[in-house]
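Encoded as structure tokens, the structure appears first; notes follow it.
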Amino acid sequence: MNDMSALHAVSATPATHAGLDLARIRAEFPILRQRIHGKPLVYLDNAASVQKPKAVIDAISACYSGYYANIHRGVHLLSERSTLAYEGAREKVRAFLNAASTQEIIFTRNATESINLVASSFGGSVVKAGDEIVITGMEHHSNIVPWQMLCQRTGATLKVVPFTDAGELILEEYERFLSSGRVKIVAVVHLSNALGTLNPVKAMIDSAHARGIPVLVDGAQSVPHLTVDVRELDCDFYAFSAHKIYGPSGVGVLYGKQALLEAMPPYQGGGDMISLVTFEKTEYADLPNKFEAGTPSIADVIGLGAALDWLNAIGLNAVAAHEHELLEYATAQLQDIPGLRIIGTARDKAALASFTLQGVHPHDIGTILDRDGVAIRAGHHCAQPVMQHYGVPATARASFAVYNTRDEVDALVKALYKVKELFA
Amino acid sequence: MTLLKPDVGLAEETGTPVAVSARSIEATIATFVKAFAMLDDWNDRYRYLIDLGRRLPHFPEEWRTKSNQLRGCQSQVWIVGIRSADRLCFRAVSDAAIVSGLIGLLLAVYNGRQAEEILTTSPEFLNALGLYEHLSPSRGNGLYALVQFIRRFARAETA
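For the protein sequence lines, the chains are L and R, in the order given.
Counting along the first sequence from 1, when you hit position 181 you're at 181 in full-length UniProt numbering, and nothing is skipped either side.
Counting along the second sequence from 1, when you hit position 121 you're at 121 in full-length UniProt numbering, and nothing is skipped either side.
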């Protein structure tokens, strides 16, 4: 592929099999137009954070330049307009997840904070010494450390569901853990950021519920790639970040079933989460405000709402079909590279390919690819236990978003052959 | 010769003399700038760096301890600082080839110098080679921490 020419060829073949007009979609992302080290940017680090369409950038800008004020407080027009837009975004998130009520949608800083909120508030009030918390071996550190901290505080034990070399959870072990009678909560990742495995969360939730155990699903990776219906899943908590779903960084979402959220104590204290404060006693606000202490990232929440509108207009099914096609195309080509090993070969996979190249450190792969304008992630992906399972310090990872093209996969593969040549 | 770090697992004397660098810092940097300019493209420059990394002095396995390890989430770096009379010397290695090459560059500049010389030589000289971005904390390759280590070590000498 020769610089811009091949990427521009996208315009000549506008529609994917999924029926997406990629040239038009790409044109909505200002950042994708640039060159990196003189080469067209091939952005394949979407699992770390995805780029933002103009609709999102404009929505944030429109808030700050047109109607910004603090929310839930002012009697003046700007505050009312800001509050309406902010609460409008909450309704968009509710609809996106098909939650029953906006009271079940809590805005946080990111998926990590959403999980910490549950570990601290729900876990802190329910988990006692001798209890058990079940997670899996393929969790992101964000869905490990908060539970470890809870175990340290309470004297509970962390039980870790192992996975096979293909990267699939060993569900027999999961069932065995559940049957101990001591499990107080299950926390499981929907789509693994290090392996690409799509976990059978619906079946896992049903199993846990059969024993009265609530389940938190870490949906940070899954929401931009597949339709999530929290009522169909029947999960008790679902956490994700705006920045991985075409929204701004700095905003996360926690969905929680209303009855659970109502029973939980507040996570942080401060403004906006109270209904009455005296020095003797404070009465807390109703949901969802009880869990939103302090001024939130108002414009960014509005930006998340715009991101969901934008994604809905394209259609998540079309996005998923396109990304699936890219993943299959990439996997076939990567497998042909001598010495390349794909880490994570589960039957149900989405959106990313993690790999190692014999004799080459992933960091070197990432460095050399960068000079060709190809941005990938090299590292432990904040999932060190996964790296330990495969006996590698790190992997290289190419992850896809709706705007990626087959030509970009070709650019990745070509650059990988160059890496091999350099280290030959 | 005194080993200031690590404080465990190593003999006080290694028997390895710390050579006083024959070339000035400026001349060493100029050599690299010239070498880079002569190389046509980044492939060749990376080849040069990979080669430089392969020629790093041996870093004994027993020095690869946790206390000698610098934090980097993408690649790992181990470093040991050595003082001989008024000269400072560093031995370091990475599990990534290009990072090892960059270590070779940095150590060629900083090794065998007096603490003051080290402190007055900013790693920004890598700018002239188009490599300064590798020192960004976001790279996670341990080089940022390596430079911090070298400077901290030198500062401790002047304190």
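We treat Cβ as the ideally placed atom computed from N, Cα and C, and that holds for glycine.
Please read these numbers as outputs of a predicted model, since none were measured by experiment.
- Residue 92 of chain R sits in a strand when the DSSP states are folded into three classes.
- The segment 133-152 of chain L makes contact with the segment 175-188 of chain L, as at least three CB pairs between them are under 8 Å.
- By the 16-neighbour rule on beta-carbons within 10 angstroms, residue 273 of chain L is buried.
- Residue 349 of chain L is bridged by DSSP to L:197.
- At a cut-off of 9 Å between C-beta atoms, residue 112 of chain L does not count as an interface residue with respect to chain R.
- By the CB criterion at 9 Å, residue 267 of chain L and residue 125 of chain L fall outside the cutoff.
- For the pair residue 317 of chain L and residue 197 of chain L, the Cα-to-Cα distance works out to about 18 Å.
- In this structure residue 179 of chain L is exposed. Its beta-carbon is surrounded by fewer than 16 other beta-carbon atoms within 10 angstroms.
- Scanning the segment 63-150 of chain R from its first residue to its last, the whole beta strand (DSSP E) runs of 3-plus residues come out as 77-84, 87-94.
- The shortest CA-to-CA distance from residue 299 of chain L to any of L:280, L:249, L:313, L:315 is the one to L:249.
- Contact note: residue 42 of chain R reaches chain L through 37, 368, 371, 372, using a C-beta cutoff of 9 Å and chain order.
- Rounded to whole angstroms, the gap between the alpha carbons of residue 234 of chain L and residue 291 of chain L is 22 Å.
- Within the segment 212-256 of chain L, the complete alpha helix (DSSP H) segments of 4 residues or longer fall at 230-233, listed in chain order.
- Assigned with DSSP and collapsed to three states, residue 88 of chain L falls in helix.
- In chain order, 43 make up the part of chain R whose C-beta sits under 9 Å from the C-beta of residue 418 of chain L.
- The DSSP-derived three-state label of residue 379 of chain L is strand.
- Buried is the label assigned to residue 192 of chain L, since at least 16 other Cβ atoms lie within 10 Å of its Cβ.
- Closest by C-alpha distance to residue 110 of chain R, out of R:148, R:141, R:136, is R:148.
- The beta carbon of residue 292 of chain L sits no closer than 9 Å to any beta carbon of chain R.
- One thing to note: residue 269 of chain L has its Cβ within 9 Å of the Cβ of residue 293 of chain L.
- Residue contact check for residue 99 of chain R against chain L: a CB pair falls below 9 Å.
- Scanning chain L for C-beta atoms nearer than 7 Å to the C-beta of residue 141 of chain R yields 363, reported in chain order.
- For residue 96 of chain R, the closest Cβ of chain L is nearer than 9 Å.
- For residue 421 of chain L, the enclosing alpha helix (DSSP H) covers residues 406-423.
- At a cut-off of 9 Å, the C-beta of residue 393 of chain L has a neighbouring C-beta in chain R.
- Residue-level contact check: residue 27 of chain L does not touch chain R, since none of the beta carbons of chain R fall below 9 Å from its beta carbon.
- Unbroken alpha helix (DSSP H) stretches of 4 residues or longer found wholly inside the segment 264-341 of chain L: 298-314, 316-335, given in chain order.
- The alpha carbon of residue 246 of chain L has as its nearest neighbour, out of L:309, L:176, L:256, the alpha carbon of L:309.
- For residue 47 of chain R, the three-state secondary structure derived from DSSP is helix.
- At a cut-off of 9 Å between beta carbons, residue 50 of chain R contacts chain L.
- Following the DSSP letters along the chain, one finds residue 371 of chain L inside the alpha helix (DSSP H) bounded by residues 362-371.
- In terms of Cα proximity to residue 155 of chain L, the closest of L:177, L:171, L:128 is L:128.
- Across the structure, residue 275 of chain L and residue 282 of chain L are spaced so that their CA atoms are roughly 8 Å apart.
- Positions of the alpha helix (DSSP H) runs, each at least 4 residues long and wholly inside the segment 120-175 of chain L, are given as 145-154 in order along the chain.
- Residue 302 of chain L and residue 109 of chain L have their C-alpha atoms roughly 14 Å apart.
- Here the alpha carbons of residue 372 of chain L and residue 28 of chain R stand approximately 29 Å from one another.
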